[in-house]
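Novice:
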Amino acid sequence: MSDFPGWHGTTIIGVRRGGEVVVAGDGQVSLGQTVIKGSARKVRRLSPGGYDVVAGFAGSTADAFTLLERLESKLEATPGQLQRACVDLAKDWRTDKYLQKLEAMLIVTDGDQLYVITGAGDVLEPEHDIAAIGSGGNFALAAARGLAEKTDLSAEDIARQAMSIAADICVYTNGNLTVEKITK
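In terms of our numbering, the sequence shown opens at residue 4 and continues consecutively.
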């Protein structure tokens, strides 16, 4: 169905500041020009083996859940080693024929490290301790960087204000937020 409109509607941001990391995501899911749902939960707390990790996803929900399950199993195999689990997931994602078809991106943190994982095999540690993905990701990233450079706001306040700005600009982003925080 080449005429099928694409799914849009996610903005996820991760902000690390002052010993805490916050991941926030909006709740909008759109099909073409129609909002299908405004209260989707795209930020999740994972606790494989008692190891606390927060992940936010952009893209196809089913694909993202598949990746979150894979990440959780990687974390169970390498407890306390987020970077290794992320690299292992990215390797599988890039080389496995089934996983290659998945259309999603992840932001993950354990409260210390912050990564963006892509289907191209990337595990990126963002500059400036801020990462953003999804339809409104660049708007949220720009807002958060400006706030981080010019204010003493907390990670949570930066994430919330950046998401509010993105929601005002991006038609695929709303202000219905899910926010998870990890403090180290």
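Note that the Cβ used here is the ideal one computed from N, Cα and C, for glycine as well.
In chain order, what residues of the same chain have a beta carbon less than 7 Å from the beta carbon of T69, not counting five sequence neighbours either side?
Specialist: So the qualifying residues of the chain are L105.
Novice: Does E152 pass the burial test, meaning 16 or more other C-beta atoms within 10 Å, or should it be called exposed?
Specialist: Exposed, since its Cβ has fewer than 16 Cβ neighbours within 10 Å.
Novice: On the CB-based measure, 16 or more other CB atoms within 10 Å of its CB, does I39 come out buried or exposed?
Specialist: Per the 10 Å Cβ criterion, exposed.
Novice: CB L144 to CB A135, shorter than 8 Å?
Specialist: Yes, the Cβ-Cβ distance between L144 and A135 is below 8 Å.
Novice: Closer than 8 Å is the cut-off here; do at least three beta carbon pairs connect the region 87-97 with the region 42-50?
Specialist: No: the two stretches stay apart, fewer than three of their Cβ pairs being nearer than 8 Å.
Novice: Just how far apart, CA to CA, sit Q103 and L109?
Specialist: Whole-angstrom Cα-Cα distance: 15 Å.
Novice: Under DSSP, the alpha helix (DSSP H) around T69 begins and ends at which residues?
Specialist: Element bounds for T69: T64 to A80.
Novice: In whole angstroms, what is the alpha-carbon distance linking M4 and K187?
Specialist: The pLDDT assigned to M4 is 37, lower than 50, so where the model puts this residue is not dependable; a value taken from the coordinates is nonetheless given after this. Rounded to whole angstroms, M4 to K187 spans 47 Å at the Cα level.
Novice: Should E128 and L117 be called a contact, given that it needs their Cβ atoms to be closer than 8 Å?
Specialist: Yes, the Cβ-Cβ distance between E128 and L117 is below 8 Å.
Novice: Can you tell me the Cα-Cα spacing of R20 and D132, whole angstroms?
Specialist: Approximately 7 Å between the Cα atoms of the pair.
Novice: Can you name, in chain order, every residue of its own chain whose Cβ lies under 6 Å from the Cβ of R73, other than the five neighbours on each side?
Specialist: Hits under 6 Å: L92.
Novice: How many angstroms separate the CA atom of N141 from the CA atom of D115?
Specialist: Whole-angstrom Cα-Cα distance: 23 Å.
Novice: Determine the extent of the alpha helix (DSSP H) in which R148 is found, giving its start and end residues.
Specialist: Segment G140 to K153, the alpha helix (DSSP H) holding R148.
Novice: Can you list, in chain order, the residues of its chain with a C-beta nearer than 7 Å to that of T121? Leave out the 5 residues immediately preceding and following it.
Specialist: The residues are M108.
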